[in-house]
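Following: one structure in structure tokens, then a few remarks.
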Amino acid sequence: MTAAADIILPRDLPLWHDARPYLDVRNNDEHTIVAYGLARALIAQTPGADESVVLPAVLLHDVGWKMIPQELLLLAIGRRPSRPDLVRDHEVHGVRIAREILERHRPKGVDIEAVLDIIDGHDTVKEAKSLNDAVMKDADKGWRTTPHGMRTIAGWYGVPVSEVLHMLRERSNALMLTPAGKALAEGNTAAVAAEQQVAAYLGHGPEFPDFPDAEDVTW
Ligand SMILES: [Fe+2]
Ligand SMILES: [Fe+2]
36 MTAAADIILP RDLPLWHDAR PYLDVRNNDE HTIVAYGLAR ALIAQTPGAD ESVVLPAVLL
96 HDVGWKMIPQ ELLLLAIGRR PSRPDLVRDH EVHGVRIARE ILERHRPKGV DIEAVLDIID
156 GHDTVKEAKS LNDAVMKDAD KGWRTTPHGM RTIAGWYGVP VSEVLHMLRE RSNALMLTPA
216 GKALAEGNTA AVAAEQQVAA YLGHGPEFPD FPDAEDVTW
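Adding 35 to a residue's 1-based position in the sequence shown gives its number in the working numbering.
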């Protein structure tokens, strides 16, 4: 069993605890954990990226969604969003809430203004204002290409994985900014798309379509 501290750095755990009550909408809590893990991998592959800016920003970037009426959340995103204005709203709320959390804890070695600067505009501004911003955006958008991200998005909209793959190829993957992020997104998308063709080549689907429950596994 992997302890929570193995993913989230001890420095960031107090931020996580304060962020959690704001992340319990639209799977943002799950998204945040996976994006944080992804960010650590991208930082390791990206010389010059500063984890003390990127990781707290990933942890707090979506706290603002909690302020948006829940029934409107899925209208703000997706292939044809009818309320894109709410995306900007969640950034503005997010900067305010993240500032409260960061100033309450003042984590050692963390430049609070630098963290808030990349939370602001993380979705509405497609270009990166810095390398740290690029890595943070890539962890956020790269999440969509992970097994967890694809399952979650398919679940929100009740669509097959082929629809999610289409959205990634048509729209989302083009937003990736760093070499590591692009490789991650293209690799994940290609691998899942190829898996969808297993039945066409073999006459049967993958032998193991789902992960077994961790508790049942003994090595
Ligand atoms: Fe966001
Ligand atoms: Fe996000």
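Heads up, the beta-carbon is just placed ideally off N, CA and C, and yes, glycines get one too.
Query: Separation of K143 from M36, as counted between CA atoms; Result: Residue placement at M36 is flagged as unreliable, the pLDDT there being 47, under the threshold of 50; a coordinate-derived value is accordingly withheld.
Query: Rounded C-alpha distance that separates D85 from V69; Result: 19 Å
Query: Expected contact under 8 Å - CB spacing of D64 and L58 to nearest Å; Result: 4 Å
Query: Supposed contact pair V170 and V98 - C-beta distance, whole angstroms, cut 8 Å; Result: Actually they do not touch by this definition, with Cβ atoms about 19 Å apart.
Query: Unbroken alpha helix (DSSP H) run spanning H201, endpoints; Result: V196 to M202
Query: D47 beta carbon near ligand 2 (any heavy atom closer than 6 Å); Result: no
Query: Any non-hydrogen atom of ligand 1 closer than 6 Å to D41 Cβ; Result: no
Query: Any non-hydrogen atom of ligand 1 closer than 6 Å to D146 Cβ; Result: no
Query: Local Cβ density within 10 Å of H52, reported as buried at 16 or more and exposed below that; Result: exposed
Query: Near ligand 1: D97 beta-carbon under 6 Å from a heavy atom; Result: yes
Query: Option in H183, D158 and L48 with minimal Cα separation from F246; Result: H183
Query: Buried versus exposed call for P91 [16 or more other C-beta atoms within 10 Å across all chains shown]; Result: buried
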